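Using this note's numbering, count along the sequence shown one by one with no gaps and you end on 717.
Below: the structure, in structure tokens.
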Amino acid sequence: MARKNSKKNKRIWGVKPLLAIVWTSCFLVTGLAFAAMAAYMMLKLPSIASLKNYKPAMVTEVYSSDGKTIAYWYKEKRWPVSIEKIPKRLIYAFLAAEDARFYEHRGIDFVGVIRAAIRNVEAGGIVQGASTITQQVTRSLLLSPERSWIRKLKEAILAWQIDGSLSKDEILNIYLNQIYLGSGAYGVEAAARTYFNKHVEDLDIAQCALIAGLTQAPSRYNPFKHFDKARKRQLYVLRRMFEEGFITQEEREAAEKEKLHLESEKLEPPKGSEYFLQDIKKELVRRYGVKRVFTDGLKIYTTLDSRWQEKAFQAVSKGLEAVKKRHRRDKALKKNIQGALIAIDAQTGAIRAMVGGQDFKKNKFNLAIQGRMQPGSSFKPVVYSAAMKRGLIQPNSIIVDEPISFPGTKHSKPWQPQNFDRAYMGPITIRTALTYSRNVVSVKIARMVGINNVIEQARLMGITTPLAHDLSIALGSSAVPLVQMVTAYSTFVNMGEVVTPQYIEQITDRNGKIIELLTPEFHEALDPETAFQMAYLLMGVVQNGTGRRARAVGVPVGGKTGTTDNYHDAWFVGFSPEVVAGVWIGRKDKKSLGRLETGGRAACPVWTEFMKTTVKDLTKKTYDIPDGIAFVPVDKRTGQIVTPTRENQKDIIWEALRKDRLPPLAPETGFLHQIPDWLKGIGSFFHLNN
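Pasting the structure below:
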């Protein structure tokens, strides 16, 4: 017996220890392997340091000068909000839907895993996930999206690390601002605006439940496309909120009965502002780069005035329709006519209105900035300025309007510039020549001052495009962008200084720090006296000449019309004491607008209609007069300084002349030669002393 027992015991002790050793070894090896892998993964895990200074991509907001939001630019549509501003009812909705034990676990909820499995089995499908909010943060910000058990293990380790490094509210704040909720909305504020046109703090319980229900499958539960599914999911969240004690039975029932009204936030930028926004976006990307412009949450306060912009678009549209009505037989005109307008603040260069075209979706080419069109006679003030500042002409100088001819080359005929009316006025003053836009006189002045000096003057006044090196420059033969013509005219109301057009008043970063502020940029193009003389001459164009329609603006304005050969282009560029604006009308196919569609007929009414809008905003309704200017009675026909009488009052004009170029003072009296004694009574008007 003893021997038998001995053999039996030997067999038993031989197998069990062997099995124990095998299983223990396997367990140890597996454990060691797992530990080694975990240790290795710990070394390969991404750092969670970035979460401590969470700065997600957010929306850049663009405003008009009057404070209206006119555009959002973004890579991800997100407006981060602090946890303090997020209502408890929304937080409870997310906790009920995603992680009811969030404040109890350490980043991984083993109890939640078991409970989710049971509920999913009971429901016959996945109705509740097992990932915690912390794990979802990890998945969203730190890990790649591939599905594998290694990634899940990394996710768990990182969740545990995050839970130990950040407070629960910090984790929740990241989650609620980071999560994608469908329809392009990232974070709860964007979702509130996208689905209910509200800020997050204004959401009620029913709306909170619907948004919280989107997390599991934003596309599947998108309420705009699948409202029934979204509604079913909302009811589930409301039930879970009640089960967790977040809401009462009464609140649950009220929320379930509430009829949800879906409404997205809609921006209504002023009509035609797409061209302005396109240009400013390009400029900011050039300065700051794509990433900063589209992800850094900048606040861009532009120079655009929304009311002025609306009126500018309406005025251009109305003007184009008027041309179409006058030429109904021209079927191609309807498809080809186009117009542009730009207006700037003369004191700062701020662009207040810009119409670059009629339909941005069809044509993104900005006619106001990119377009190059022949300005015709609207270029003449540049020519006159070049001569006047050199003392070659004065407003009362006499020049003969007569037929002239310039020799041609071997292969071309002589050039014989003609006036618009094919007639000639003979000896006339410079004022009369500009008022009635006499082409011959402009050519004579250009020849007098020299083509190179005309080009130099154009450059000083902000015109940078190539210009003709022949006398045709005097008639505006070289194509120039509308914005550059407007810039040039700013010289006349700024005491000779040209202002640079600008798009931006201020830019702040996501923290409210100012990173850019509008600083007006000026440079001298004319002396103050010449600039005022030109402005005064251009006011005469409006009062008595080709720009008469602009008198309807209601304040003293000046400007010049422009019409090119065969009515291809119609221009009007002008100013009030504070605003400089220009209008161009033409055709895509470069054909004629129609007979008699001059700048005065086609473009000036558009300019006038727009400028009426600006009058109520003017703080300055008079022009600065330089000390070196004296107003002198001049005969309109002869240009001679005369004694005003009752009989000749209709024949004179009080002309703005330079004191330093008036007739010399008589040494015995200290007064001007050829000026009678009675003028002593108004010596102060000339800023002269006895």
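Glycine included, C-beta positions come from ideal geometry on N, C-alpha and C.
Computed from a prediction, not measured in an experiment: that's the story for all the values here.
W442: first and last residue of the uninterrupted beta strand (DSSP E) it sits in:
Segment: none, W442 is in no beta strand (DSSP E) and carries neither H nor E.
Nonlocal neighbours in the same chain, by C-beta distance under 6 Å from I118, ignoring five residues either side:
none
Sub-7 Å separation of I75 and D126 beta-carbons:
no
Can you pull the DSSP bridge partners for Q529?
A377
Buried or exposed, going by whether 16 or more other CB atoms sit within 10 Å of the CB of I274?
buried
Own chain residues within Cβ distance below 7 Å of K104, not counting five before or after
V86, G211, A212, Y213, A217
The alpha helix (DSSP H) spanning Y101 covers which residue range?
Y101 -> no alpha helix (DSSP H), and no H or E assigned at all.
Span of the alpha helix (DSSP H) holding P632?
631-642
Which one or two residues does DSSP pair with P660 in a beta bridge?
W681
Would you please state the rounded distance, in angstroms, between the beta carbons of I201 and V164? I believe it to be under 8 Å.
5 Å
Would G613 and V600 qualify as a contact pair, given that the criterion is a beta-carbon distance under 7 Å?
no
Does DSSP put I274 in a helix, a strand or coil?
coil
Using a threshold of 6 Å, is the CB atom of R474 nearer than that to any non-hydrogen atom of the ligand MG?
The ligand MG is absent from the structure shown, which contains no ligands of any kind.
At the level of alpha carbons, what is the spacing between E278 and Q234?
13 Å
Suppose the cutoff is 8 Å on Cβ atoms and the five residues either side in sequence are ignored; what does the same chain contact list for K195 look like?
F129, Y130
Quick check on DSSP: helix, strand or coil for F392?
coil
How long is the line joining the alpha carbons of E111 and L199, rounded to whole angstroms?
11 Å
Alpha helix (DSSP H) segment containing A129, residue limits
Checking the sequence shown, residue 129 turns out to be Phe, not Ala. Unbroken run through F129: none, as it is neither H nor E.
Answer yes or no: do D332 and R379 have a C-beta to C-beta separation smaller than 7 Å?
yes
On a Cα-Cα basis, can you pick out the residue from N204, A186, L168, I184 that is closest to S109?
N204
Between the CA atoms of E524 and V569 - distance to the nearest angstrom:
23 Å
In this structure, what does DSSP give as the bridge partners for E280?
Per DSSP, none; premise fails for E280.
Please name the residue, chosen from F658, V264, T557, M638, that lies closest to M721 on a Cα-to-Cα basis.
Limits of the chain in this structure are 28 at one end and 717 at the other, which puts residue 721 out of reach.
So the beta strand (DSSP E) V427 belongs to, where does it begin and stop?
425-428
List the residues that DSSP assigns as beta-bridge partners of G366.
I612
One question on the structure: do A281 and L265 come within less than 7 Å of each other, judged by their Cβ atoms?
no
For the putative contact between N588 and G626, defined by C-beta atoms under 8 Å, what is the C-beta separation to the nearest angstrom?
Before going on, a small fix: residue 588 reads as Thr here, not Asn. With 8 Å as the limit, T588 and G626 qualify as a contact, their Cβ atoms being about 3 Å apart.
Considering only residues of the same chain and omitting the five flanking positions on each side of K361, which have a CB-CB separation below 6 Å?
K351
Cβ neighbours of K95 in the same chain (closer than 6 Å, five flanking residues each side left out)
S333
How is K361 classed by DSSP in three states: helix, strand or coil?
helix
So what's V789 in DSSP terms, helix, strand or just coil?
This structure cannot speak to residue 789, because the chain is shown only from 28 to 717.
Short check: CB of E228 to CB of A373, under 7 Å?
no
Member of W598, I206, F303, F121 whose CA lies at the smallest distance from the CA of K391:
F303
Assuming I455 and Q443 form a contact by the criterion Cβ under 8 Å, report the distance between their Cβ atoms to the nearest whole angstrom.
At roughly 19 Å, the Cβ-Cβ gap does not stay under 8 Å, so I455 and Q443 are not in contact.
For P454, which of helix, strand or coil comes out of DSSP?
strand
Please go through the same chain and pick out, in chain order, the residues whose beta-carbon is closer than 6 Å to the beta-carbon of I720, but skip the five residues on each side of it.
The first residue shown for the chain is 28 and the last is 717, placing residue 720 beyond what the model contains.
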